[in-house]
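Engineer: Protein chains in written order, with the UniProt record's numbering: chain X, 1 to 187; chain S, 1 to 532.
For each residue, glycine too, the CB sits at the ideal point set by N, CA and C.
From a predicted model like this one, the values you see are computed outputs, not experimental measurements.
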Amino acid sequence: MATEPETPVAASAKEPAVPSLVDRYFTRWYKADVKGKPCEDHCILQHSNRICVITLAGSHPVLQSGKVIKSISYQISTNCSRLQNKVSGKFKRGAQFLTELAPLCKIYCSDGEEYTISSCVRGRLMEVNENILHKPSILQEKPSTEGYIAVVLPKFEESKSITEGLLTQKQYEEVVVKRISATTATS
Amino acid sequence: MFPLTVENKHVAQLLLSTGTCPRCIFRFCGVDFHAPYKLPYKELLNELQKFLETEKDELISEVPNPPPKKIRLQELEDGIDGMDNLSQNGEGKISIIEDGSIASKNSNLNVCNVCLGILQDFCEKEFIKKVCQKVEASGFEFTNLVLSISFPPQLSVREHAAWLLVKQEMGKQSLSLERNDTVQLKEAYKWITHPLFSEELGVPIDGKSLFEVSVVFAHPETVEDCHFLRAICPDCFKPAKNKQSVFTRMAVMKALNKIKEEDFRKQFPCPPNSPKAVCSVVEIECAHGAVFVAGRYNKYSRNLPQTPWIIDGERKLDSSVEELISDHLLTVFKAESFNFSSSGREDVDVRTLGNGRPFAIELVNPHRVHFTSQEIKELQQKINNSSNKIQVRDLQLVTREAIGHMKEGEEEKTKTYSALIWTNKAIQRKDIEFLDDIKDLKIDQKTPLRVLHRRPLAVRTRIIHSMETHYVDEHHFRLYLKTQAGTYIKEFVHGDFGRTKPNICSLMDVTADILELDVESVDVDWPPALDD
């Protein structure tokens with residue numbers, strides 16, 4: 001399934017490209033090969049107000065053409081469902097606390113493959129995206145916006161340090177390039 | 001005419017001999033008209049002494065300055081015991097009168113054991129003048145004032161002791177004494193001082209005045225007079241966060257109402273003992289109640305926050321709407337500080353057009369408060385001339401109720417906007433026409449991500465009352481909308497990751513984004529429009 005380009009493209013040669021919503025407010029950070037699983041890359045969109053939106057990076061297996069999602073589940077263990085997350089008040093009390101490796105959801109594909117999506121960021125879970133439960137294809141059509149996985153609020157003190165373990169856009173692109181050349185080298 | 005009568009003699013005598021000043025004596029004798037209190041202290045003392053002598057003198061022939069009669073040793077001793085209570089500060093002669101009562105002739109009585117000097121020097125012209133000098137030096141403009149006098153709490157204890165003493169004495173004459181029969185210290189103080197203040201400052205005293213002169217008295221020497229009350233009524237003296245001392249006037253009054261007479265007398269001398277010094281004045285402060293200025297503002301800059309934008313001590317953007325308006329007001333009203341509020345607000349990059357957004361500014365402790373409408377108009381002009389980023393209209397003085405009107409506007413009134421929208425797919429006129437027909441569209445908005453760090457996570461249902469589209473080109477159109485108060489317009493356009501539903505993207509099945517937003521009108525009919 002082709003992904004819709006989300007960066008506004010110039011209608012005519014005269015008009016410059018307009019930055020997208022994500023470009024304007026967010027910084028893209030990446031974690032490659034999460035939990036050691038090859039190519040299971042995540043993209044964390046960090047808002048200028050420190051809120052993080054967890055999404056899949058373009059190189060993730062689920063977003064490759066031909067992949068069909070059977071279902072998505074937020075039940076990550078017998079006792080824990082991310083759907084049960086309840087947050088109240090300005091200080092977001094009651095939220096489930098996430099560490100970098102905390103699982104957010106499981107994606108089941110028609111080819112039998114199962115993928116776990118991790119938080120990658122420490123903080124309080126604000127919400128998980130229920131829209132992708134009802135229509136999993138949104139995840140593949142618009143992974144960086146409507147197809148987001150979850151919203152996490154890091155601690156105020158940690159808002160800068162959480163990105164220390166993550167890759168910048170440039171670093172991520174280099175990783176992807178290296179992979180492609182590695183695979184072409186071996187093939 | 002001297003206000004005391006024969007009936008008051010015993011009480012007056014008793015009080016004077018135990019160190020109570022004439023005005024306090026009047027109070028305990030129920031003198032409830034103002035004139036006697038206003039007479040000069042020395043005169044009152046003389047008259048009182050004459051009054052107390054009279055009964056004896058009636059029996060003597062009218063001879064000027066009769067020589068003192070032979071005094072029995074016992075009476076002399078009585079006299080001297082009585083004198084121990086008075087401090088040795090007395091100037092002038094002290095004469096012993098035949099019946100044993102002591103009075104100081106031509107001298108100041110020492111510090112009153114009930115009012116601690118409040119109804120002695122502190123209600124006389126000289127002191128009032130000193131206070132007024134401070135008031136005038138403070139630079140406030142005022143046409144009336146309210147006086148707020150604060151006495152040390154231990155005065156209530158002494159008052160209570162004196163009252164018990166007088167009640168007992170009157171009981172001997174088979175007379176009763178109720179609380180209301182005596183005049184309160186504060187009342188008498190006001191009777192005397194209010195006209196003096198008015199005269200000195202040239203303005204009336206008015207309880208409703210916004211200009212307050214406060215005088216605080218203390219008497220460190222007797223601070224511990226109250227402490228015994230805590231042992232007897234501990235629940236009156238619970239420590240609270242804001243109180244420096246537990247012994248507030250209210251708490252002491254409460255305890256005095258509760259305590260039994262016998263218990264009180266065991267712990268506190270009746271009559272109260274004479275202090276060495278008078279009260280001291282802890283502070284004389286002037287303050288003016290806040291005044292409110294309202295108006296409507298237009299914002300023409302896409303780079304101006306409403307309030308100063310400061311992160312980690314660093315200012316991110318020059319100035320702000322509130323500073324551009326309030327700084328001028330602060331100067332002209334000579335106020336200490338301000339509180340700016342408005343009927344909602346817009347983002348840094350959003351303009352406010354049309355009639356503008358209502359705002360109200362509370363000016364705290366203004367030194368200047370009287371302005372003609374012409375002067376306010378000039379002030380408005382000054383603000384408008386000083387910046388092209390904002391413009392102000394309908395600037396006017398309003399009352400505190402103003403804030404209520406404005407906040408009502410924020411929550412209940414509709415707003416209209418115009419947005420410049422970009423679409424990723426090429427569009428034709430017919431693709432947007434359907435939006436014009438949608439009326440009262442209900443949308444659910446989760447707290448936008450851009451404010452989620454400081455607002456609770458919730459879903460808000462809002463109504464888009466109507467829309468009007470203007471086609472610009474294949475990837476742009478203008479959308480005019482009229483919405484319920486509290487609607488996030490930007491999120492309605494781009495969908496905020498699908499967290500606002502429905503949105504322009506979902507309605508048109510495109511990816512849309514908002515390039516520009518203007519507030520076209522804030523539909524609140526307050527403050528009243530003025531013809532400029």
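(1) For my contact list, residue 153 of chain S and residue 252 of chain S are in at a C-beta cut-off of 8 Å; report their separation, rounded to the angstrom.
(2) Does residue 50 of chain X have its Cβ less than 8 Å from a Cβ in chain S?
(3) In the DSSP assignment, find the unbroken alpha helix (DSSP H) run with residue 294 of chain S in it and report its ends.
(4) Would you tell me roughly how many angstroms separate the C-alpha atoms of residue 351 of chain S and residue 417 of chain S, rounded to the nearest one?
(5) Between residue 343 of chain S and residue 409 of chain S, how many whole angstroms is the CB-CB distance? I'm expecting something under 8 Å.
(6) Does the stretch 131-147 of chain X come into contact with the stretch 67-76 of chain X, if we say contact requires no fewer than three beta-carbon pairs (one atom in each stretch) closer than 8 Å?
(7) Within a Cβ cutoff of 7 Å, which residues of the same chain sit near residue 8 of chain S, ignoring the five residues on either side of it in sequence?
(8) Per DSSP, residue 29 of chain X forms a beta bridge with which residues?
(9) I need the straight-line Cα distance from residue 357 of chain S to residue 177 of chain X, nearest angstrom please.
(10) Terminal residues of the continuous beta strand (DSSP E) containing residue 27 of chain S?
(11) Under three-state DSSP, which class holds residue 108 of chain S?
(12) Give a yes or no on whether the C-beta atoms belonging to residue 444 of chain S and residue 501 of chain S are separated by under 8 Å.
(13) Would you say residue 300 of chain S and residue 384 of chain S are within 8 Å of each other, going by their C-beta atoms?
(14) Is it buried or exposed for residue 120 of chain S, if we count other Cβ within 10 angstroms and need 16 for buried?
(15) Is residue 474 of chain S near residue 419 of chain S, with beta carbons less than 8 Å apart?
(16) Determine the closest residue to residue 257 of chain S out of S:448, S:380, S:156 and S:494, with distance taken between C-alpha atoms.
(17) With DSSP run on the structure shown, which of helix, strand or coil describes residue 339 of chain S?
(18) List, from N- to C-terminal side, the alpha helix (DSSP H) runs of 4 residues or more that fit wholly inside the stretch 114-146 of chain S.
(19) Judging by CA-CA distance, which residue of S:6, S:41, S:34 and S:33 is the nearest neighbour of residue 22 of chain S?
(20) Measure the C-alpha to C-alpha separation of residue 16 of chain S and residue 204 of chain S and round it to an integer number of angstroms.
(21) Below 8 Å on the Cβ atoms is my contact criterion, and I expect residue 115 of chain X with residue 40 of chain X to pass it. Report the Cβ-Cβ distance as a whole number of Å.
(22) Considering Cα atoms alone, identify which of S:340, S:411, S:341 and S:191 is closest to residue 33 of chain S.
(23) Taking any Cβ of chain X, which residues in the stretch 512-532 of chain S have a Cβ under 8 Å from it, in chain order?
(24) Contact check, residue 130 of chain X vs residue 85 of chain X under 8 Å by CB: the rounded distance?
(25) Using a cut-off of 8 Å between C-beta atoms, extract the partners of residue 470 of chain S located in chain X.
(26) Might you give, ordered along the chain, the residues of its own chain that have their beta carbon closer than 8 Å to the beta carbon of residue 57 of chain S, omitting 5 neighbours on each side?
(27) Would you kindly report the start and end of the unbroken beta strand (DSSP E) that includes residue 105 of chain X?
(28) What residue range does the alpha helix (DSSP H) around residue 404 of chain S cover?
(29) Taking C-alpha atoms, which residue in S:113, S:4 and S:296 lies nearest to residue 396 of chain S?
(30) Are the C-beta of residue 89 of chain X and some C-beta of chain S separated by less than 8 Å?
(31) Answer with buried or exposed for residue 394 of chain S, where buried requires no fewer than 16 other C-beta atoms within 10 angstroms of its C-beta.
(32) Kindly list, in the order they appear in chain X, the residues whose Cβ is closer than 8 Å to that of residue 492 of chain S.
(33) If you draw a straight line from the C-alpha of residue 56 of chain X to the C-alpha of residue 324 of chain S, how long is it?
(34) Would you list, in sequence order, the uninterrupted alpha helix (DSSP H) runs of no fewer than 4 residues that lie entirely inside the stretch 426-507 of chain S?
(35) Taking Cβ-Cβ distances shorter than 7 Å, what residues in chain X pair up with residue 204 of chain S?
(36) Grab me the residues of residue 151 of chain X's own chain with a C-beta within less than 6 Å of its C-beta, minus the 5 sequence neighbours each way, in chain order.
Structural biologist: So, to answer that:
(1) 4 Å
(2) yes
(3) Not the alpha helix (DSSP H): residue 294 of chain S falls in the beta strand (DSSP E), residues 291-299.
(4) 10 Å
(5) About 4 Å separates the two Cβ atoms, so the contact holds.
(6) yes
(7) If we look at residue 8 of chain S and ignore the five residues flanking it on each side, its Cβ neighbours are 29.
(8) X:44
(9) 53 Å
(10) Per DSSP, residue 27 of chain S belongs to no beta strand (DSSP E); it is in the alpha helix (DSSP H), 22-28.
(11) Since pLDDT at residue 108 of chain S reaches only 48, below the 50 mark, its modelled position is unreliable, and no value is offered.
(12) yes
(13) Their beta carbons are not under 8 Å apart, which means residue 300 of chain S does not touch residue 384 of chain S by this criterion.
(14) Burial call: buried.
(15) no
(16) S:156
(17) strand
(18) 125-137
(19) S:41
(20) 35 Å
(21) 6 Å
(22) S:191
(23) 513 and 515
(24) With 8 Å as the limit, residue 130 of chain X and residue 85 of chain X do not qualify as a contact, their Cβ atoms being about 11 Å apart.
(25) Simply none; closest approach about 17 Å.
(26) Caution applies to residue 57 of chain S, whose pLDDT of 47 falls short of 50 and renders its modelled position unreliable; the model cannot decide the point.
(27) 103-109
(28) 402-412
(29) S:296
(30) With respect to chain S, the C-beta atom of residue 89 of chain X has a partner C-beta closer than 8 Å.
(31) Classification for residue 394 of chain S: buried.
(32) Within 8 Å Cβ-Cβ: nothing; residue 492 of chain S doesn't reach chain X, min ~13 Å.
(33) Cα to Cα, residue 56 of chain X sits roughly 45 Å from residue 324 of chain S.
(34) 429-436 and 489-494
(35) Result: empty, since nearest Cβ-Cβ is about 49 Å, beyond 7 Å.
(36) In its chain, beyond the 5 residues on either side, 53, 126 and 127 have a beta carbon closer than 6 Å to the beta carbon of residue 151 of chain X.
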